[in-house]
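In what follows, a single structure is set out as structure tokens and then discussed.
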Amino acid sequence: MTVREKLLALLQTRGWSFYRLAKESGVAWSTIRNMFERGTDPTLSTLEALCTGLDVPLVELLQDDSQTPDAPA
3 MTVREKLLAL LQTRGWSFYR LAKESGVAWS TIRNMFERGT DPTLSTLEAL
53 CTGLDVPLVE LLQDDSQTPD APA
């Protein structure tokens, strides 16, 4: 799952719009819209602000979900 997909999932779970995310995070609405509608890559500082607005740790957004942890022996 990509960072954008994770962000969209968080927005859907909370019932938030891009506008609400902009208000909560302090990131310009146009920046958020460009990320999702034009595929613009966010900067690290933008991701940090979005995570602060969503109250989720940055590592949660950046961790690779495709790797499964090794099962204990």
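Per our numbering, the sequence shown starts with residue 3, numbered consecutively. From the three backbone atoms N, C-alpha and C, an ideal C-beta is built for every residue, glycine too.
Considering residue i, what are the terminal residues of the alpha helix (DSSP H) in which it resides?
| i | result |
| --- | --- |
| Ser32 | Trp31 to Glu39 |
| Val5 | Val5 to Arg16 |
| Ser47 | Leu46 to Leu56 |
| Ser27 | Phe20 to Ser27 |
Below 8 Å CB to CB, which residues in the same chain sit around residue i once its five sequence neighbours on both sides are set aside?
| i | result |
| --- | --- |
| Glu39 | none |
| Asn36 | Thr42 |
When you compare only the Cα positions, how much space is there between residue i and residue j?
| i | j | result |
| --- | --- | --- |
| Trp18 | Asp66 | 24 Å |
| Leu64 | Phe20 | 20 Å |
| Leu52 | Pro44 | 10 Å |
| Gln14 | Leu46 | 22 Å |
| Pro59 | Thr4 | 16 Å |
Give me, in chain order, the residues of the same chain whose beta-carbon lies closer than 7 Å to that of residue i; leave out the 5 immediate sequence neighbours on both sides.
| i | result |
| --- | --- |
| Thr48 | Val29 and Thr33 |
| Glu50 | Leu60 |
Tell me which residues share the same chain as residue i and place their Cβ nearer than 6 Å to its Cβ, disregarding the 5 neighbours each side in the sequence.
| i | result |
| --- | --- |
| Glu26 | Gly55 |
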